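A.B. asks: A single structure is presented below for examination.
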Amino acid sequence: MAIEVRIPTILRTYTDGEKAVSGQGTTLSELFSDLETRHKGIEERIVDGGKLRRFVNVYLNDEDVRFLDGISTALKDGDSVTILPAVAGGSK
Amino acid sequence: MLTLTQALYDQIVGHARQDHPDEACGIVAGPAGTDRPERFVPMLNAARSPTFYEFDSKDLLKLYRELDDRDEDPVIVYHSHTATEAYPSRTDVTYANEPGAHYVLVSTADQDGLGEFQFRSYRIVGGVIREEEVQVVTAY
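First to last, the sequence lines map onto chains A and B. For reference, each letter of the first sequence is one residue, going -14 to 77 in my numbering. For reference, each letter of the second sequence is one residue, going 242 to 381 in my numbering.
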């Protein structure tokens, strides 16, 4: 069961510069735990207290997983997951 | 130092003025590895707020796919402050996730008579802000 995970520039320090890595899991939560075994430190940049961080966007294929089941979103073989930090800020 | 054309400068300023009093945001893309801003890409501020901006999540995915396909970098990430100076706020630093980008801040506070118009550029890496010179040229 292989899932392709696309890694943003800011997290490539955890993947030896690789733009995409492969992982496995039946849910996003399992996938991130699996990535952590090979790319130590990456999980906590995406997950906080069992939830996706507010300013990290995760997409399953083309869909923002916030509109699916969040970190519990089910995965299947051949899926593609993209991680993108939000581009955000402001004067406040 | 950030070097950009007068045309791009005018487009960023125009977008900021148009969206005032809400914050405007966007990027200028350039060929990967060149540090040369070329393609102006205004983005929708999904927060539609005078004190906060965030790219819409669907637009963000589309944008990064496009950059990838065209082999481009986000050379400039810009946004406006509409009632305060053009200096990165704590929020700006927290969410600055492109260590290779020039973060351009424009202040449109002059439109409300609260200050002067400003166009400034910064590097924001690992929580540290470093202002840089802005050079406006007619062409590269």
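Ideal placement from N, C-alpha and C gives every residue a C-beta, glycine not left out. Bear in mind the structure is a predicted one, so any value in this text is a computation, not a measurement.
Among B:S330, B:T292, B:S321, which one has its Cα closest to the Cα of I365 (chain B)?
C.D. replies: Of the listed residues, the one whose Cα sits closest to I365 (chain B) is B:S330.
A.B. asks: Any contact of the stretch 311 to 326 of chain B with the stretch 263 to 280 of chain B, i.e. 3+ C-beta pairs under 8 Å?
C.D. replies: The stretch 311 to 326 of chain B vs the stretch 263 to 280 of chain B: in contact.
A.B. asks: By the DSSP assignment, the alpha helix (DSSP H) with H261 (chain B) in it spans what residues?
C.D. replies: Element bounds for H261 (chain B): n/a, residue is neither H nor E.
A.B. asks: For Y363 (chain B), which three-state DSSP category applies?
C.D. replies: Strand, per DSSP.
A.B. asks: Name the residue from A:N46, A:H24, A:G74 whose alpha carbon lies nearest to the alpha carbon of Y294 (chain B).
C.D. replies: The option with the nearest alpha carbon to Y294 (chain B) is A:G74.
A.B. asks: Rounded to the nearest angstrom, how far is the Cβ of S76 (chain A) from that of T335 (chain B), given a contact under 8 Å?
C.D. replies: Between T335 (chain B) and S76 (chain A) the Cβ distance is about 13 Å, and since that is not below 8 Å, they are no contact.
A.B. asks: If you measure beta-carbon to beta-carbon, which residues of the stretch 250 to 267 of chain B are closer than 8 Å to chain A?
C.D. replies: Cβ contacts with chain A: E264, C266.
A.B. asks: Using a Cβ cut-off of 9 Å, pull out every chain B residue sitting near F40 (chain A), in sequence order please.
C.D. replies: Here the neighbours are E295, T335, Y336, N338.
A.B. asks: So for E21 (chain A), helix, strand or coil by DSSP?
C.D. replies: Here E21 (chain A) sits in helix by DSSP.
A.B. asks: Comparing C-alpha positions only, which one of A:K4, A:Y(-1), A:I(-5), A:D19 sits nearest to G10 (chain A)?
C.D. replies: Of the listed residues, the one whose Cα sits closest to G10 (chain A) is A:D19.
A.B. asks: Would you verify that the beta carbon of L301 (chain B) is, or is not, closer than 8 Å to some beta carbon of chain A?
C.D. replies: L301 (chain B) counts as touching chain A.
A.B. asks: Taking the straight line between their C-alpha atoms, what separation do you get for V32 (chain A) and L304 (chain B)?
C.D. replies: Distance between the alpha carbons of V32 (chain A) and L304 (chain B) is about 24 Å.
A.B. asks: Alpha carbon to alpha carbon, what distance is there between T12 (chain A) and T58 (chain A)?
C.D. replies: If you take the alpha carbons of T58 (chain A) and T12 (chain A), they lie about 5 Å apart.
A.B. asks: Using CA atoms only, rank isn't needed, just tell me which of A:E28, A:K4, A:A5 is closest to V15 (chain A).
C.D. replies: The sequence shown places Glu at residue 15 (chain A), not Val. The residue with the shortest Cα to Cα distance from E15 (chain A) is A:E28.
A.B. asks: Based on the DSSP secondary-structure assignment, which residues constitute the bridge partners of Q376 (chain B)?
C.D. replies: Paired residues: B:T244.
A.B. asks: Assuming H300 (chain B) is part of the alpha helix (DSSP H), what are its boundary residues?
C.D. replies: According to the sequence provided, residue 300 (chain B) is Asp. The question's His does not apply to it. 298 to 311 is the extent of the alpha helix (DSSP H) around D300 (chain B).
A.B. asks: State yes or no: is the C-beta of L69 (chain A) within less than 8 Å of the C-beta of G55 (chain A)?
C.D. replies: In this structure, G55 (chain A) does not lie closer than 8 Å to L69 (chain A) by Cβ.
A.B. asks: Taking beta-carbon pairs under 8 Å, can you tell me which members of the stretch 44 to 75 of chain A lie near chain B?
C.D. replies: Under the 8 Å Cβ criterion, the stretch 44 to 75 of chain A contributes Y44, D47, D49, R51, T67, L69, P70, A71, V72, A73, G74, G75.
A.B. asks: Which residues mark the beginning and the end of the alpha helix (DSSP H) in which E28 (chain A) is found?
C.D. replies: First-last of the alpha helix (DSSP H) with E28 (chain A): 28 to 31.
A.B. asks: When the cut-off is 8 Å and only beta carbons count, does Y363 (chain B) lie next to chain A?
C.D. replies: Cβ-Cβ to chain A under 8 Å: no for Y363 (chain B).
A.B. asks: Between the Cα of V72 (chain A) and the Cα atoms of B:T332, B:T325, B:E326, which residue gives the shortest distance?
C.D. replies: Of the candidates B:T332, B:T325, B:E326, the one whose C-alpha sits nearest the C-alpha of V72 (chain A) is B:T332.
A.B. asks: Pairing CB atoms from the stretch 346 to 364 of chain B with CB atoms from the stretch 279 to 291 of chain B, are three or more of them under 8 Å?
C.D. replies: Judged by Cβ distances under 8 Å, the stretch 346 to 364 of chain B makes no contact with the stretch 279 to 291 of chain B, as fewer than three pairs qualify.
A.B. asks: Is the beta carbon of A342 (chain B) less than 8 Å from the beta carbon of P315 (chain B)?
C.D. replies: A contact, by the Cβ cut-off of 8 Å.
A.B. asks: Residues bridged to E268 (chain B) by DSSP?
C.D. replies: Contrary to the premise, residue 268 (chain B) reads as Ile rather than Glu in this sequence. Its beta-bridge partners are B:V282, B:V318.
A.B. asks: Counting only beta-carbon atoms, is V366 (chain B) nearer than 8 Å to chain A?
C.D. replies: Taking Cβ atoms only, chain A never reaches closer than 8 Å to V366 (chain B), which makes this a no.
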